[in-house]
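Count along the sequence shown starting at 1, add 14, and that's the number in the numbering used here.
Even for Gly, the Cβ is constructed at its ideal location relative to N, Cα and C.
As the structure is a computational prediction, the values presented were derived from the model and not from experiment.
Report on one structure; see the data block that follows.
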Amino acid sequence: QGPMLPGCRNVSATDATEEFTVGSYLPTYGSVWQEGIVLPDPPVFCRSYPVMESDVTAGVLAVFDEVLRPLGYDFAFDESRGLLQTDYVVQEHEMARWRDRFTVTIVALESHRTVVSVQREVEIMRKHGSTRPAYYPGVSVGRNEAWILNAVGRQLGAE
Numbered sequence: 015q016g017p018m019l020p021g022c023r024n025v026s027a028t029d030a031t032e033e034f035t036v037g038s039y040l041p042t043y044g045s046v047w048q049e050g051i052v053l054p055d056p057p058v059f060c061r062s063y064p065v066m067e068s069d070v071t072a073g074v075l076a077v078f079d080e081v082l083r084p085l086g087y088d089f090a091f092d093e094s095r096g097l098l099q100t101d102y103v104v105q106e107h108e109m110a111r112w113r114d115r116f117t118v119t120i121v122a123l124e125s126h127r128t129v130v131s132v133q134r135e136v137e138i139m140r141k142h143g144s145t146r147p148a149y150y151p152g153v154s155v156g157r158n159e160a161w162i163l164n165a166v167g168r169q170l171g172a173e
């Protein structure tokens with residue numbers, strides 16, 4: 015499990031999130047009311063793994079290659095910074111249209127302890143007094159971020 019990590023929402027190894035959700039933008043209730051208002055930065059969700067950084071990096075890349083890329087989340091990975099970022103993916107259902115993207119950082123704490131941080135930016139489209147649609151920030155509840163961290167744990171055999 016590892017120590018609690020400051021500055022993020024720690025996701026436990028016992029978290030039960032087993033599906034990556036598509037078809038819903040998963041905002042917090044409060045962000046729906048605050049669309050268009052300047053919101054704080056998206057929350058960061060983290061987990062530490064008792065594994066070397068190179069193995070964790072391979073696990074993260076496998077999750078994104080095998081699951082997220084087929085869903086449209088193309089990504090770039092900067093190995094020197096341990097930074098992965100996806101392109102925005104536009105999704106919609108009958109009530110809304112939104113776009114989201116993920117930023118993942120991988121940082122070694124010790125030789126055999128590595129932290130993965132996942133942040134999801136979600137923007138919701140509303141027509142706001144004009145014919146031009148605009149995207150307004152929302153705040154993710156963390157479900158898909160937790161799923162990514164769980165999937166990395168499964169890749170590493172750390173679940």
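TODO: Tell me whether E80 sits in a helix, a strand or coil according to DSSP, three-state version.
DONE: helix
Open item on the list: Just to confirm before moving on: does the CB-CB distance between V77 and V136 stay below 8 Å?
Closed with: no
Open item on the list: Let's see if you can read the secondary structure: which residues bound the alpha helix (DSSP H) around V166?
Closed with: R157 to L170
TODO: Quick one: grab the DSSP three-state call for D29.
DONE: coil
Task: Any 3 or more C-beta pairs closer than 8 Å across the region 56-66 and the region 150-161 - done: yes
TODO: Mind checking who P151 pairs with in its DSSP beta bridge?
DONE: E137
- [ ] Going by DSSP, name the residue or residues bridged to C4.
- [x] Since the first residue of the chain shown is 15 and the last is 173, residue 4 is not available in this structure.
- [ ] Taking only the alpha-carbon atoms, compute the straight-line gap between Q105 and S154 and give it to the nearest angstrom.
- [x] 15 Å
Task: Segment limits, beta strand (DSSP E) that includes V118 - done: A110 to E124
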